[in-house]
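Residue 3 is where the sequence shown starts when you use this note's numbering, and the numbers rise one by one after that.
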Amino acid sequence: MTSLITTPFTAESTAEEVVDGIDLAGRRVVVTGGASGIGIETARALAGAGAEVTLAVRNLEAGERTAEDITATTGSKQVLVAPLDLADQASVASFVASWDGPLHILVNNAGLMASPEMRTPEGWEMQFATNHLGHFALATGLHGALAAGGGARIVSVSSSGHLRSPVVFSDIHFRQRAYDPWAAYGQSIHFRQRAYDPWAAYGQSKTANVLFAVEATKRWADDGITANALMPGGIRTNLQRYVTDAELDRMRAQAGGGGPAWKTPEQGAATSVLVATSPLLDGVGGRYFEDCNEAGPNQPGTRRGVAAYALDPDAAERLWQVSVQTLA
Ligand SMILES: NC(=O)c1ccc[n+]([C@@H]2O[C@H](COP(=O)([O-])OP(=O)(O)OC[C@H]3O[C@@H](n4cnc5c(N)ncnc54)[C@H](OP(=O)(O)O)[C@@H]3O)[C@@H](O)[C@H]2O)c1
3 MTSLITTPFT AESTAEEVVD GIDLAGRRVV VTGGASGIGI ETARALAGAG AEVTLAVRNL
63 EAGERTAEDI TATTGSKQVL VAPLDLADQA SVASFVASWD GPLHILVNNA GLMASPEMRT
123 PEGWEMQFAT NHLGHFALAT GLHGALAAGG GARIVSVSSS GHLRSPVVFS DIHFRQRAYD
183 PWAAYGQSIH FRQRAYDPWA AYGQSKTANV LFAVEATKRW ADDGITANAL MPGGIRTNLQ
243 RYVTDAELDR MRAQAGGGGP AWKTPEQGAA TSVLVATSPL LDGVGGRYFE DCNEAGPNQP
303 GTRRGVAAYA LDPDAAERLW QVSVQTLA
């Protein structure tokens, strides 16, 4: 049993504090969803440390605005914007085709949470397609660039939401699942229907983000590439657009643990930046971090730590194969 990685940083640490003293000059970074929420602060901290940062976004106007803001606050002229819609495989392929040269840090940050049932043109469930499949296609497409980076890192932004569901291989795309809509309120009346559960879909996609880090490290460590997953904390961003305030309050109350009830975006970006840059993680991969430290196993009844099913090497390998087949 390897020991957990601990750092001097905490839930209150900011992205800027975490990267303080680290020189990223000559390093090239991609941040997906870099024009909103914690993606902005992740990009800002990495640009401030000297990296060239590409904001991979579907809203180019927001991307340009964010790039200007980051340049104004950090002085970095190396903030670029490129189109990327993770739910559109042609868009991912075009991003990959236009990438030239090495890539040192890929931050798979973009995400969609608890949306109503939506599907891609292929019929794939939208949260799985965006949060996992799009990032899977992006990372595998950029594998050569990452290998050329020498010691490249992939940052897989997951969530404690992964505790809501493993990857359900028998029905990833919610074509047959039944669920009890009252169970979430502790009032199960055993009324089951074939329906879509937005939180189970989010949980499944976020488990996939952890499993991806496990298998990518196993497959690519010999190319110098490591991948780790993380929970950024709870941060008020556009992510909660599909969730009511009452539901959010209930979830925060259940979350438990230390630290502020809500993190600022600068604090929310800290664990991503730590996983992307900390020398303490040199050569380390396939692990799950929260509040700037490696997390231990989830204890039943809590919303902290990592589920055993999210680190399961067999599930990680199976997900990789299923993802390749799905995208073929
Ligand atoms: N905030 C939290 O409390 C929290 C907690 C746990 C985990 N996380 C994770 O942290 C990550 C960042 O979340 P956030 O809070 O910063 O949310 P956010 O402000 O909503 O940012 C998410 C980003 O993802 C982008 N995105 C969504 N669908 C996309 C697609 N199909 N193609 C390309 N980009 C797409 C969004 O683009 P648009 O602006 O165009 O929609 C946005 O830029 C997510 O992976 C989330 O699951 C957040």
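Cβ coordinates follow ideal geometry from the N, Cα and C atoms, glycine included. The structure presented is a predicted model; accordingly, all values stated were derived computationally and were not measured.
Query                                                                                                                           : Result
Reference Q129, options N211, D102, S100, closest by Cα                                                                         : N211
Touch test, the region 199–213 against the region 131–151, Cβ-Cβ under 8 Å, three pairs minimum                                 : yes
Spatial distance of G261 from A297 (CA atoms)                                                                                   : With a pLDDT of 49 at G261, under the threshold of 50, the modelled position of this residue cannot be trusted, and the question is left open.
Spatial distance of E54 from R30 (CA atoms)                                                                                     : 5 Å
From L276, P123, T12, A69, residue whose alpha carbon lies closest to that of A92                                               : P123
N240 versus E18: straight-line alpha-carbon distance, rounded                                                                   : 22 Å
Beta strand (DSSP E) segments (min. 3 residues) lying fully within the region 148–182                                           : 155–159
Cβ pair count under 8 Å reaching 3, the region 66–85 against the region 42–50                                                   : yes
beta-carbon T132 near ligand 1 non-hydrogen atom, thresh 6 Å                                                                    : yes
Pair within 7 Å by beta-carbon distance, C294 and S5                                                                            : no
Completely contained alpha helix (DSSP H) runs for the region 50–78, where each covers 4 or more residues                       : 62–76
Whether T44 touches V59 by CB criterion (7 Å)                                                                                   : no
Cβ neighbour criterion (16 or more within 10 Å) applied to V275                                                                 : buried
Candidates A116, A69, N133, L57, of which the one nearest F97 by Cα                                                             : L57
Residue ranges of each beta strand (DSSP E) within the region 91–143, 3 or longer                                               : 107–110
Sequence-distant residues of the same chain with beta carbon closer than 7 Å to D173, five excluded per side                    : R179
Near ligand 1: G65 beta-carbon under 6 Å from a heavy atom                                                                      : no
CB contact flag (S158, A229, <7 Å)                                                                                              : yes
Contacts around G125, its chain only, beta-carbon distance under 8 Å, and the 5 residues preceding and following it disregarded : H175
Which listed residue (T9, A13, I7) has its alpha carbon closest to that of E268                                                 : A13
Identity of the residues DSSP links to Y311 by a beta bridge                                                                    : DSSP output for Y311 lists no bridge partner at all.
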